[in-house]
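Numbering (this note's numbering) for the sequence shown: 1 to 111. Idealized CB from N, CA, C, for every residue including glycine. The structure presented is a predicted model; accordingly, all values stated were derived computationally and were not measured. Report on the structure given below.
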Amino acid sequence: MFNEYGERLDRNGYAPSIVQSDTHRCYLCGKTTGKLDRHEIFGASNRRKSKAYGLWVMLCHYSCHEGAWGVHQNADVALKMRRIGQTAAMEAYGWTREDFIQHFGKNYLEG
1 MFNEYGERLD RNGYAPSIVQ SDTHRCYLCG KTTGKLDRHE IFGASNRRKS KAYGLWVMLC
61 HYSCHEGAWG VHQNADVALK MRRIGQTAAM EAYGWTREDF IQHFGKNYLE G
């Protein structure tokens with residue numbers, strides 16, 4: 001299976017991450033030990049698109065993913081990740097802000 005840019009998807013529908021090259025460490029804190037979770041930057045109705053476009057990172061489970069300062073508990077961290085994801089998608093795919101909005105429904109770079 002491939003996405004529209006010819007990138008091969010794994011058996012779970014994930015393209016290689018366009019945000020993080022070293023997926024053996026936490027993207028936010030750099031931790032390499034303990035449980036790491038694959039985190040789709042744009043979840044909910046955009047989860048499938050995040051997977052197919054490589055908009056995911058690895059996060060340490062207890063601190064950066066689910067912990068009090070993690071992406072699922074801290075709106076500032078979640079917004080930071082969405083801005084990083086939007087910038088990566090625009091650069092990797094040559095999208096304008098309008099193109100990104102067409103794919104993901106919202107511009108996260110302003111506001």
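Quick one: Cα of R11 to Cα of Y27, how far?
Answer to the nearest angstrom: the Cα atoms are 23 Å apart.
Are the Cβ atoms of L55 and A88 separated by less than 8 Å?
Yes. Within cutoff.
So what's D37 in DSSP terms, helix, strand or just coil?
Residue state, collapsed to three classes: strand.
What are the residues that DSSP puts in a beta bridge with M1?
DSSP, once it has assigned bridges, lists no residue as partnering M1.
In or out: G70 buried (at least 16 other Cβ within 10 Å) or exposed?
Its Cβ being crowded by 16 or more others within 10 Å, G70 is buried.
Using the C-alpha atoms, what's the distance from N107 back to A123?
Absent from the model: residue 123. The displayed extent of the chain is 1 to 111, so no value can be given.
Please report the straight-line C-alpha distance between K80 and M1, rounded to a whole angstrom.
About 30 Å.
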